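Visitor: Sequential numbering from 4 applies to the sequence shown in my numbering.
Quick one: this structure, given as structure tokens, is what I'll be asking you about.
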Amino acid sequence: MSRLSPKPSSLLTSAVLTIGLTVSCSLPSVAFAGPPTLPEDPSAAPQPAPQPAPAPAPAPAPAPSDSITVQPAPQPAPQPQPAPHPNRAQPLRPPTPGYAQPQPGYGQPQPGYGQPGYPPPGYQQQPPPPAYQPPPPQPVAPRYNRNKGMGLTIAGFSIFGVTYLITAVSATALLDAGDYDLGRPLLIPAVGPFVAAARAPFAVLGFGLAFSGVIQLAGLGMGIGGAVTLGKARRNAPQLSASPGGLQLKF
């Protein structure tokens, strides 16, 4: 009887082994299990897009009725305008209701215009502008030279004086030598050299005396002509004279 019933210590040992095996078998399943699933946060979930509001339903069209007719509104009668004043600008009248305002710049075509490319009736071709005419020359005021002819007078008398001086010296030398036929005529100015040239015994001497006479005549003529011209210039030149009434300019 005692052999068939187990001992309490062996039963306790068996129970401990059974529990240990059970725990060891359950640990691997716990180690390889996935993470626990957490409950979802309702605030973190994406919100659905708001749906557009439905369009309002169109109002039903009123049923046509044969007994109702729409009368147009009566137009107001235009008021009479006062007579325009001839010297006063007339104010612009507002357009009548119901009529469109005409566009500015588009009016009735002006009468009197012909076809394009042709001048309108009554058009006259303008004459060409006159050609440029140079201004007429201004008259030059006369200039008076009071000393006109003075240079000719001085030159003429200078030539005549020098030539006659040389001839007179030669005449005195001939007189000292005793040749009175040549010495006396040479003392006559302008004409004496020609008289002495006719009496000269040599042709060369006669030519020199004649040439001296020509120079004397030329110088004398120049001096006389210059003196006449100078006298006319002095007479025709304006003269300034003093008088009790003031200075006077005489021509």
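Backbone N, C-alpha and C define an ideal beta-carbon position, used for all residues, glycine too.
Bear in mind the structure is a predicted one, so any value in this text is a computation, not a measurement.
1. Would you decide whether Ala174 is buried or exposed? Buried here means 16 or more other CB atoms lie within 10 Å of its CB.
2. If you count every other CB in all the chains shown that lies within 10 Å of the CB of Ala34, and 16 or more means buried, which is it?
3. Return the CA-CA distance between Pro137 and Val143, expressed in angstroms with no decimal places.
4. What does a CB cutoff of less than 6 angstroms around Leu223 pick up in its chain, not counting 5 residues either side in sequence?
5. From what residue to what residue does the alpha helix (DSSP H) around Val165 run?
6. Count the other CB atoms, across all protein chains shown, that sit within 10 Å of the CB of Pro188; report buried if there are 16 or more and exposed otherwise.
7. In this structure, does DSSP put Phe214 in helix, strand or coil?
8. What does the alpha-carbon distance come out to for the pair Ala134 and Arg146?
9. My assumption, with CB atoms under 8 angstroms, is that Leu212 sits in contact with Ala203. Please give the rounded CB distance.
10. Give every residue of the same chain whose Cβ lies closer than 7 angstroms to the Cβ of Leu15, excluding the five residues on either side of it in the sequence, and list them in chain order.
11. Which residues mark the beginning and the end of the alpha helix (DSSP H) in which Ala199 is found?
12. Where Val198 and Ala180 are concerned, what is the direct C-alpha to C-alpha distance, given to the nearest angstrom?
13. Please return the same chain residues whose Cβ sits closer than 6 angstroms to the Cβ of Phe160, not counting the five positions on each side in sequence.
14. By Cβ distance below 8 angstroms, which residues in the same chain neighbour Phe210 in space, the five residues on each side in sequence not counted?
Guide: The structure says:
1. By 1-based counting over the sequence shown, the position of residue 174 is 171. Its Cβ being crowded by 16 or more others within 10 Å, Ala174 is buried.
2. Locating residue 34 in the sequence shown gives position 31, where the first residue counts as 1. For Ala34, the pLDDT reaches just 47, beneath the cut-off of 50, and the residue's location in the model is therefore unreliable, although a value from the coordinates is still provided. Exposed, because fewer than 16 other Cβ atoms sit within 10 Å of the Cβ of Ala34.
3. Position 134 of the sequence shown, counting from 1, holds the residue named residue 137. Position 140 of the sequence shown, counting from 1, holds the residue named residue 143. Taking C-alpha positions only, Pro137 is separated from Val143 by approximately 17 angstroms.
4. On the sequence shown, position 220 is the one that residue 223 refers to. Excluding its 5 nearest sequence neighbours in each direction, Leu223 has C-beta neighbours in its own chain below 6 angstroms: Phe163 and Ala193, listed in chain order.
5. As a working note, residue 165 is residue 162 in the sequence shown. Met153 to Ala180 is the span of the alpha helix (DSSP H), which, as asked, contains Val165.
6. Numbered from 1 along the sequence shown, position 185 holds the residue referred to as residue 188. Buried, by the Cβ-count rule.
7. Numbered from its first residue, the sequence shown carries residue 214 at position 211. The three-state secondary structure of Phe214, taken from DSSP, is helix.
8. The sequence position of residue 134 within the sequence shown is 131, counting from 1. The sequence position of residue 146 within the sequence shown is 143, counting from 1. The C-alpha of Ala134 lies about 35 angstroms from the C-alpha of Arg146.
9. Residue mapping note: residue 212 aligns to position 209 of the sequence shown, counting from 1. Residue mapping note: residue 203 aligns to position 200 of the sequence shown, counting from 1. The Cβ separation is near 6 angstroms, so the contact holds.
10. Locating residue 15 in the sequence shown gives position 12, counting from the first residue. Counting only Cβ-Cβ distances below 7 angstroms, and skipping sequence neighbours, we find nothing.
11. Against the sequence shown, residue 199 aligns to sequence position 196. It spans Gly195 to Arg202 - the alpha helix (DSSP H) in which Ala199 sits, taken as one unbroken run.
12. Your numbering for residue 198 matches position 195 in the sequence shown. Your numbering for residue 180 matches position 177 in the sequence shown. Rounded to whole angstroms, Val198 to Ala180 spans 19 angstroms at the Cα level.
13. For this step, residue 160 is matched to residue 157 along the sequence shown. Excluding residues within five positions, the ones whose Cβ falls inside 6 angstroms are Gly226.
14. Taking the sequence shown and counting its residues from 1, one reaches residue 210 at position 207. Cβ neighbours of Phe210 beyond the five flanking positions: Ala200.
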